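Numbered continuously in the numbering used here, the sequence shown closes out at residue 174. Just so it is clear, CB atoms sit at the ideal spot from N, CA and C, and this is done for glycine as well. Given the structure is predicted, the values throughout are model-derived calculations rather than measurements. Read through the structure below, which is laid out as structure tokens, and then see the notes.
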Amino acid sequence: YDPKINIYDVIIATSAYSESSYAKVAFNYDENILEGTPELIQDLNIAANKLQIPVFNEIIHSSDVFYRKHGDVFKDVRDCYNCAAVEMESFALFANARYLKKKAACILTVSDSLVTHEETTAAERQSSFNKMMEIALEAAK
């Protein structure tokens, strides 16, 4: 979504926007933007800084739809909700955590770009997304 973010960059989701009805149906939440736990986000940022791994702190679009009839819909979501990237789990993660009164954070590695049309292969995704794992492990210490 955001041209300043490249494949292999690491994103820490500050919140997630979704047009999904999941949180409404599951927990009667009306919001379409749910936030991660601030102290976990801070811990991830401290860990990334300690490891000298650059990260982006961004709002994420959490979508139920991977393929859309109109490929440019992401531009509307980006512009209306200030979303920097898209994935499919963070909104549900944040909704579940809120309902269960647990903490939650979401850390992502960019695998492909709707802006540049760059993509990583399945093999690259399997073996090259180590930075986000290093950050998570450092934050968990």
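- In this structure, Ile40 sits away from Ser123, with a CB-CB distance that is not shorter than 8 Å.
- DSSP, reduced to helix, strand and coil, places Ala117 within a strand of the structure shown.
- Look at the beta carbons and you see the segment 117-136 touching the segment 60-71: at least three pairs across the two are nearer than 8 Å.
- Within the model, the alpha-carbon separation for Glu91 versus Glu72 is close to 15 Å.
- Non-local C-beta neighbours of Asp97 in its own chain, meaning closer than 6 Å and more than five positions away in sequence, comprise Ser53, ordered along the chain.
- Between Leu141 and Ala46, the gap from beta carbon to beta carbon is short of 8 Å.
- Note on geometry: alpha-carbon atoms of Pro36 and Asp42 lie some 12 Å from one another.
- The three-state secondary structure of Asn61, taken from DSSP, is coil.
- With respect to the 8 Å criterion, Glu167 and Ile86 are classified as neighbours on the basis of their beta carbons.
- When the Cα atoms are used, Lys136 and Ala173 turn out to be separated by approximately 13 Å.
- With respect to the C-alpha of Lys57, the residue from Phe162, Arg131, Thr154, Tyr34 having the closest C-alpha is Arg131.
- Its Cα nearest to that of Ser95, the residue Ser51 stands out among Met165, Ala155, Leu77, Ser51.
- Linking Phe89 to Ser144 through their CA atoms gives a straight-line distance of about 15 Å.
- In the assembly as shown, Ile93 is a buried residue. Its beta-carbon has 16 or more other beta-carbons within 10 Å.
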